[in-house]
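In what follows, a structure is listed as structure tokens, so that the remarks can point back to it.
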Amino acid sequence: MKNPKIHFFGFLALILLGSSIPGDSMPPVLALTWDKLLHVVEYSILGWLGYRAYYSAYQKPIVYIIIFGIMFGCIDESWQSMIPGRFPSHYDVFADGIGVICGAMTGSFLYKKSK
Numbered sequence: 790m791k792n793p794k795i796h797f798f799g800f801l802a803l804i805l806l807g808s809s810i811p812g813d814s815m816p817p818v819l820a821l822t823w824d825k826l827l828h829v830v831e832y833s834i835l836g837w838l839g840y841r842a843y844y845s846a847y848q849k850p851i852v853y854i855i856i857f858g859i860m861f862g863c864i865d866e867s868w869q870s871m872i873p874g875r876f877p878s879h880y881d882v883f884a885d886g887i888g889v890i891c892g893a894m895t896g897s898f899l900y901k902k903s904k
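When you read off a place in the sequence shown, starting at 1, and then add 789, the result is the number in the numbering used here.
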């Protein structure tokens, strides 16, 4: 864990890579009806990694991480609209937002607890 920014940006790349899989090529495990739960978990991890990477860079890092995470969710859904068999959904962005809020708040809580 020498450089948490590498983990953060690596996870961003993994999200975009996963969003680039055409809809008819999705593994059955990923095509669960629990799609929104997967979005929440995925973006919770992103929020936690973002907080870890930038907690000392800003006065209120949680606000910036949440705004960035929601914007990235919008970009991710827009990206999916260009992938065959994939469709954007505002419900996915909503789930992404819930996830990034939970992850950033968890990161903030754990950081404050460790002090």
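All C-beta atoms, glycine included, are put in the ideal place defined by N, C-alpha and C.
So, using beta-carbon positions, are Trp823 and Gly892 closer together than 8 Å? For the purposes of this step, residue 823 is taken as the residue at position 34 of the sequence shown. For the purposes of this step, residue 892 is taken as the residue at position 103 of the sequence shown. No, they are not a contact pair.
What is the rounded straight-line gap between the Cα of Phe861 and the Cα of Ile834? Within the sequence shown, residue 861 is the residue found at index 72, counting from 1. Within the sequence shown, residue 834 is the residue found at index 45, counting from 1. A direct Cα-Cα distance of roughly 14 Å separates Phe861 from Ile834.
If you draw a straight line from the C-alpha of Thr807 to the C-alpha of Pro850, how long is it? Your numbering for residue 807 matches position 18 in the sequence shown. Your numbering for residue 850 matches position 61 in the sequence shown. Before going further, note that residue 807 is Gly rather than Thr in the sequence given. So the alpha carbons of these two residues sit roughly 27 Å apart.
Residue closest to Leu826, alpha-carbon to alpha-carbon, out of Asp885, Ile872, His879, Ile810: The sequence position of residue 826 within the sequence shown is 37, counting from 1. Among Asp885, Ile872, His879, Ile810, the Cα nearest to that of Leu826 belongs to Asp885.
For Leu821, three-class secondary structure by DSSP: Within the sequence shown, residue 821 is the residue found at index 32, counting from 1. Residue placement at Leu821 is flagged as unreliable, the pLDDT there being 49, under the threshold of 50; the coordinate-derived value follows with that caveat. It is coil, neither helix nor strand.
So Val889 and Ile864 are in contact, right, with Cβ under 8 Å, and what is the actual spacing, rounded? Your numbering for residue 889 matches position 100 in the sequence shown. Your numbering for residue 864 matches position 75 in the sequence shown. In this structure, Val889 and Ile864 do not form a Cβ contact; the two beta carbons are roughly 13 Å apart against a cut-off of 8 Å.
Environment of Asp813 [buried if 16+ CB atoms lie within 10 Å]: Taking the first residue of the sequence shown as position 1, residue 813 is located at position 24. Classification of Asp813: exposed, given that the 10 Å Cβ count is below 16.
Output the distance between the C-alpha atoms of Ser897 and Tyr853, rounded to the nearest integer angstrom. Looking up residue 897 in the sequence shown gives position 108. Looking up residue 853 in the sequence shown gives position 64. In this structure, the alpha-carbon of Ser897 lies about 13 Å from that of Tyr853.
On the premise that Pro793 lies in contact with Gly874, defined as a C-beta separation below 8 Å, what is that separation, rounded to the nearest angstrom? Position 85 of the sequence shown holds residue 874. Position 4 of the sequence shown holds residue 793. With 8 Å as the limit, Gly874 and Pro793 do not qualify as a contact, their Cβ atoms being about 34 Å apart.
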